[in-house]
Amino acid sequence: MSNSTSNRLCVITGATAGIGRASALALAALGFDLILLGRSERRGKRLQDSLSRRHRTGRFEYVPCDLSSFGSVREAAKRIHEDRSNIDVLINNAGARFDRYEESVDGFELTFATNHLGHFLLTSLLLDRILETRDARIVTLSSQRHRYVEHVKTWLATRESFDRWDVYSKTKLANTLFAFELARRLQTALVLSNAVDPGIVASKFARNNGPIAWTKHIVWNLIHRQLISCAHAAQTVVYAAASQEAKGKTGKYFYEQSEAKPSALALDAGLARQLWKCSLEWTGLNRKNCPAWAIVGMD
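Just so we're aligned: the sequence shown equals residues 1306 to 1604 in my numbering.
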């Protein structure tokens, strides 16, 4: 790991549970200051206090953020702008899968709004702070599920077309395409953007669908011996975020702390540009409300 991580700042979404929490614990131990984004104030404050007691020289702050709500994302970005002048690492970790069709407050299918659109908006709004930092890194969590998508006719599911696994798999493809398109657009800015596949994790993922659905998720993966711990999964997240081995690498897909090959569709630059353009429209980003627009060439 890097020898110069002391008091560098990392922003983590979904930091209060699962892989996000495990990543926060590991990065705090490396000397990072942390901004912990999450929906649960109780869990967020508890993690903030725990880290502050354990690492007295570090600075840890919980910021409420519901990735499915553009208003919540904008408010979180505003708070971060007011508090810090630069960001060394952004980890787009938060994720969800909903078993039934639901819409976000902005009118988008909830899984896609949470997993992709919220992170697209947050990253775009924080880019000016990220660009202030030398050798900054953006890490976006993907999944093996992105390989299940063979083609994309449309990104947005309707109530009639909704299939939970198809929708979730598309969000993971979107995460991967977003990470790679960011890498292309930020190459001259020397900001690294990579995707991470954390593996199948024994976390609270899918618990939002109720205890029965969550139990089925755990039991199925236990039977197939696919579950790993959150701490194990976080190792590759931290590898991409802070290791010397990942320094200078961008537009990569990491699995088990090594480069891996994503699906052919994830490497489709044309599809990535199309998703980028649509995401700008869906999130309402433009030259006036995105500080880094001109620097990065958002359009």
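Quick reminder that beta carbons are idealized off the backbone N, C-alpha and C, glycines included.
Worksheet item: Once you ignore the five residues that flank I1317 on each side, which residues in its own chain have a CB closer than 7 Å to its CB?
Response: G1325, S1328, A1329, L1339, L1341, L1342, I1396 and N1398
Discussion item. Is it buried or exposed, R1344, if we count other Cβ atoms within 10 angstroms and call 16 or more buried?
Written reply: With 16 or more Cβ atoms within 10 Å of its Cβ, R1344 is classed as buried.
Item to complete: Let me know the secondary structure DSSP gives Y1406 once reduced to three states.
Response: coil
Item to complete: Mark S1390 as exposed unless 16 or more other C-beta atoms lie within 10 angstroms of its C-beta, in which case mark it buried.
Response: exposed
Discussion item. Tell me the residue span of the alpha helix (DSSP H) that contains T1481.
Written reply: R1469 to R1490
Worksheet entry | G1323, DSSP secondary structure in three states | In the structure shown, G1323 sits in a helix (DSSP, three-state: H, G or I).
Discussion item. For I1396, report the span of its beta strand (DSSP E) as first-last.
Written reply: V1394 to N1397
Fill in: Contact set for C1583: own chain, Cβ-Cβ below 7 Å, skip 5 residues either direction
W1460
Worksheet item: When you compare only the Cα positions, how much space is there between Q1353 and K1458?
Response: Cα to Cα, Q1353 sits roughly 42 Å from K1458.
Worksheet item: So V1542 is in the alpha helix (DSSP H); what residue range does that whole segment cover?
Response: C1535 to A1547
Practice prompt. Taking the CB atoms as reference points, tell me whether R1452 and S1568 lie closer together than 7 Å.
Written response: yes
Worksheet item: What does S1498 pair with, by DSSP beta-bridge criteria?
Response: Per DSSP, the beta-bridge partners of S1498 are I1443.
Worksheet entry | Identity of the residues DSSP links to I1600 by a beta bridge | DSSP output for I1600 lists no bridge partner at all.
Worksheet item: With a CB to CB cut of under 6 Å and the five nearest residues on each side skipped, what residues in its chain are close to K1475?
Response: V1454
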